[in-house]
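The structure appears right after this line, and notes come after that.
In the UniProt record's numbering, the protein residues as written are 1 to 90.
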């Protein structure tokens, strides 16, 4: 199942795919070809408990904290340019 979100979009994975046990979040973009400042996208994940609150600071996963304490969530690296095909960051 692939989901493509636009700015401000969201999806309920528990409703769309209730049996889901593994996901990959990927960001893809192309470098700026017009005048202006280059831009960079960053993927991040908040691991929350049943109460909807982040479990701890170590459960905020991003390029500088690449793995959750139990290893269930992993950030695979920071692409700062957007060059290349497909996902530039996961």
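Glycine included, C-beta positions come from ideal geometry on N, C-alpha and C.
### Burial state of residue 61, where buried means 16 or more other Cβ atoms lie within 10 Å
Here residue 61 refers to the residue found at position 61 when the chain shown is read from its first residue. Of the other Cβ atoms in all chains shown, 16 or more fall within 10 Å of the Cβ of residue 61; this residue is therefore buried.
### Task
Mind reading off the beta-carbon distance from residue 109 to residue 41? Whole number of angstroms is fine, and I expect it under 8 Å.
Outside the displayed span of the chain (1 to 90) sits residue 109, for which this structure offers no information.
### Query
Smallest Cα separation from residue 25: which of 71, 68, 15, 2?
As a first step, residue 25 is located in the chain shown; it is residue number 25 there, counting from the start. The residue with the shortest Cα to Cα distance from residue 25 is 2.
### Message
Check for me: the alpha helix (DSSP H) holding residue 14 runs from which residue to which?
### Response
Counted from its first residue, the chain shown places residue 14 at position 14. First-last of the alpha helix (DSSP H) with residue 14: 13–16.
### Query
Based on the DSSP output, what are the partners of residue 61 in its beta bridges?
For the purposes of this step, residue 61 is taken as residue 61 along the chain shown, with counting starting at 1. In the DSSP output, where bridge partners are listed per residue, residue 61 has 45.
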